[in-house]
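First up is the structure itself, then whatever we jot down about it.
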Amino acid sequence: MYTCKKFHKKDGRKVRKAAKNEIMILKMVKHHNILQLVDAFETKKEYFIFLELATGREVFDWILDQGYYSERDTSNVMRQVLEAVAYLHSLKIVHRNLKLENLVYYNRLKHSKIVISDFQLAKLENGLIRDPCGTPEYLAPEMVGRQRYGRPVDCWAIGVIMYILLSGNPPFYDDGDEDEDSRDKNLFIKILSGDYEFDSPYWDDISDSAKSLVASLMEVDQDQRLTAQEAISHEWISGNAASDKNIKDGVCAQIEKNFAKAKWKKAVRVTTLMKRLRASRVTLEQAPGRFLTPTPHTAHHSRGRGSQHGRQHQGSSQRKNP
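Here the UniProt record's numbering is used: position 39 in the sequence shown is 39, and no number is missing along the way.
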């Protein structure tokens with residue numbers, strides 16, 4: 001069985017270019033954790049892309065249906081994602097839109113594999129990339145800051161995914177009383193400065209090893225950020241550091257609270273917010289501390305800010321100092 005994507009040539013040059021790019025990328029990719037291309041062709045009026053059909057559920061739905069859910073379950077999901085992304089990066093492919101909605105179970109069997117889908121924004125890293133794209137809450141700081149970027153943006157997004165799967169909360173989210181423009185600007189500033197926390201009680205039962213991996217993936221400085229291949233070697237992925245403690249109740253409660261309405265997933269808001277980002281005046285100066293040098297006092301702070309967490313801090317605790 002397969003699914004079909006169709007692009008109408010009459011919709012313009014950008015659509016035609018996007019279709020050709022996606023076909024090119026998919027023809028390059030063959031990995032068991034990536035939804036595979038079956039066939040692709042064009043007619044006088046359209047492009048058609050035929051893909052394998054994944055009949056399983058999204059990861060969120062799978063978690064909600066489990067009687068037991070632990071760090072080890074999350075580690076298994078993240079290992080598959082990291083292996084697929086490490087493969088893409090070995091081909092110099094940047095996915096640019098990694099998010100939970102693009103991670104699905106291949107089928108409904110108990111031990112189904114995870115597959116990555118949606119390569120519409122994927123790009124070969126064969127030059128300078130600056131154009132921000134993707135889902136705003138998963139954007140890396142270098143995207144928000146309109147800097148040069150590449151494969152490290154995918155590793156940041158993986159860190160965001162892992163953060164959500166372990167706590168049920170997004171790391172960067174502002175649902176205050178401000179108007180939408182203010183909330184979006186605050187979102188960008190938080191991302192630029194790496195302003196997230198492993199806050200209580202949601203992270204109380206999560207291991208220090210898990211926190212260290214999240215912090216290393218969500219390192220603001222892209223040159224210090226853990227690569228996908230390096231993350232695979234982390235003790236929480238390849239070792240026995242992932243806890244077996246059941247965290248389902250806490251995670252599911254937050255998932256249902258934060259993602260039931262899921263306004264940040266809506267396509268209309270994503271499109272609007274990306275346009276706003278492209279015209280944004282949010283600057284690095286509005287995100288103080290972005291590249292702070294770690295000190296003995298700050299290196300173990302729970303706030304994921306600046307260069308406090310990087311490759312050199314993979315095994316460190318991320319709890320607040322007393």
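For glycine and all other residues, C-beta sits at the position ideal for the given N, C-alpha and C. Just so we're clear, the structure is a prediction, and the values are computed from it rather than from any experiment.
Our contact map puts residue i next to residue j with C-beta atoms below 8 angstroms; I'd like the distance itself, whole angstroms only.
{"i": "Ser117", "j": "Ala54", "result": "7 angstroms"}
{"i": "Phe48", "j": "Val38", "result": "Contact doesn't hold; Cβ gap of about 10 angstroms is too wide."}
{"i": "Asn169", "j": "Tyr202", "result": "6 angstroms"}
{"i": "Ile161", "j": "Lys257", "result": "With 8 angstroms as the limit, Ile161 and Lys257 do not qualify as a contact, their Cβ atoms being about 18 angstroms apart."}
{"i": "Thr74", "j": "Cys155", "result": "Contact flag wrong, Cβ pair sits at about 17 angstroms."}
{"i": "Asp208", "j": "Arg72", "result": "Their Cβ separation, rounded to whole angstroms, is 16 angstroms, which puts Asp208 and Arg72 out of contact at 8 angstroms."}
{"i": "Leu109", "j": "Val29", "result": "So it is not a contact: roughly 23 angstroms between Cβ atoms."}
{"i": "Ile237", "j": "Met78", "result": "6 angstroms"}
With a threshold of 16 other CB atoms inside 10 Å of the CB of residue i, please say whether the residue is buried or exposed.
{"i": "Ala253", "result": "exposed"}
{"i": "Ser200", "result": "exposed"}
{"i": "Ser233", "result": "exposed"}
{"i": "Gly239", "result": "exposed"}
{"i": "His111", "result": "exposed"}
{"i": "Lys6", "result": "exposed"}
{"i": "Thr43", "result": "exposed"}
{"i": "Ser182", "result": "exposed"}
{"i": "Asp184", "result": "buried"}
Take residue i as the anchor and find which of the options has the nearest alpha-carbon.
{"i": "Lys9", "options": "Val59, Lys45 and Ile34", "result": "Lys45"}
{"i": "Ser190", "options": "Gly56, Phe172, Ser182 and Phe198", "result": "A quick correction: the sequence has Lys, not Ser, at residue 190. Looking at the Cα atoms, Phe172 is the closest of the given residues."}
{"i": "Asn82", "options": "Lys211, Asn240, His31 and Asp221", "result": "A small fix is needed here, since residue 82 is Leu in this sequence, not Asn. That would be His31, whose Cα lies nearest to the Cα of Leu82."}
{"i": "Asn246", "options": "Ile63, Glu52 and Pro141", "result": "Ile63"}
{"i": "Asn107", "options": "Lys99, Ile93, Met1 and Ala231", "result": "Met1"}
{"i": "residue 331", "options": "Ile93, Asp249, Leu26 and Val15", "result": "Nothing can be reported for residue 331: it is not among the residues displayed for the chain, which extend from 1 to 322."}
{"i": "Gln147", "options": "Ile237, Ala84 and Val220", "result": "Val220"}
{"i": "Ile206", "options": "Asn21, Ala40 and Ser70", "result": "Ser70"}
{"i": "Pro141", "options": "Gly127, Leu187 and Ala210", "result": "Leu187"}
{"i": "Gly56", "options": "Trp236, Glu101 and Val15", "result": "Glu101"}
{"i": "Gly194", "options": "Met143, Trp236 and Ala241", "result": "Met143"}
{"i": "Phe41", "options": "Leu128, Asp131 and Cys4", "result": "Cys4"}
{"i": "Tyr163", "options": "Gln36, Glu235, Ser90 and Ala210", "result": "Ala210"}
{"i": "Ala241", "options": "Arg13, Leu213, Arg225 and Val251", "result": "Leu213"}
Less than 8 angstroms separating the beta-carbons of residue i and residue j?
{"i": "Val153", "j": "Leu103", "result": "no"}
{"i": "Ile34", "j": "Gln80", "result": "no"}
{"i": "Leu121", "j": "Cys133", "result": "yes"}
{"i": "Leu217", "j": "Ile255", "result": "no"}
{"i": "Leu229", "j": "Ala86", "result": "Checking the sequence, you will find Gln at residue 229 rather than Leu. For Gln229 and Ala86, yes; Cβs fall inside 8 angstroms."}
{"i": "Tyr68", "j": "Lys248", "result": "yes"}
Return the bridge partner residues of residue i from the DSSP annotation.
{"i": "Cys4", "result": "Phe50"}
{"i": "Val94", "result": "Lys123"}
{"i": "Ala40", "result": "Ile49"}
{"i": "Asn102", "result": "According to DSSP, Asn102 bridges with nothing at all."}
{"i": "Asn246", "result": "Ser70"}
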